[in-house]
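Asker: If you want my numbering, it's the position in the sequence shown, counting the first as 1, plus 984.
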Amino acid sequence: MLGYNPKRKALVERAMKPVEKMLREMYDEGKDLTKIKLRKYQKTHFSSCTCGQCTRAKMKKDPHLRGILEDGFKVYMGEGASDD
Ligand SMILES: [Zn+2]
985 MLGYNPKRKA
995 LVERAMKPVE
1005 KMLREMYDEG
1015 KDLTKIKLRK
1025 YQKTHFSSCT
1035 CGQCTRAKMK
1045 KDPHLRGILE
1055 DGFKVYMGEG
1065 ASDD
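1. Could you tell me which residues DSSP pairs with residue 1055 in its beta bridges?
2. Should residue 1037 be counted as a contact of ligand 1 given a C-beta to heavy atom distance under 7 Å?
3. Identify whether residue 988 lies in helix, strand or coil by the three-state DSSP scheme.
4. Rounded to a whole number of angstroms, what is the C-alpha to C-alpha distance between residue 1042 and residue 1052?
5. Does DSSP put residue 1021 in a helix, in a strand, or in coil?
6. Counting only beta-carbon separations shorter than 8 Å, does residue 1009 have a partner in chain B?
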């Protein structure tokens, strides 16, 4: 557990703003918000990438160490998604 850090807190709050807005828009569109699910996702560099991070990931055989292109999360409606 990290100690209280106002900078981190502000960062989290700023990150939550667009999510809040999006959820409100979905609500206004009549979407069933009880079905909403969030999933974290990360897009890593291509397997052919030779940057420092990817090279280290290859050496350690740990794909999680690869360079990150995109880091975020996806919002989707839970209906139909069976991989809970
Ligand atoms: Zn890379």
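Glycine is no exception: its CB is placed at the ideal position from the N, C-alpha and C atoms.
Answerer: Put simply:
1. As a position in the sequence shown, residue 1055 is number 71, starting the count at 1. Residue pairing for residue 1055: DSSP places it in a beta bridge opposite 1026.
2. To locate residue 1037, count along the sequence shown from 1; it is residue 53. At a cut-off of 7 Å, the beta-carbon of residue 1037 counts as near ligand 1: some heavy atom of the ligand is closer than that.
3. Position 4 of the sequence shown, counted from the start, is the residue given in the question as residue 988. Three-state result, residue 988: coil.
4. As a working mapping, residue 1042 is identified with position 58 in the sequence shown. As a working mapping, residue 1052 is identified with position 68 in the sequence shown. Spanning the two alpha carbons is a distance of roughly 14 Å.
5. Here residue 1021 is taken as the residue at index 37 of the sequence shown, counted from 1. In the structure shown, the three-state DSSP call for residue 1021 is strand.
6. This model lacks chain B altogether, as it is built from one protein chain only.
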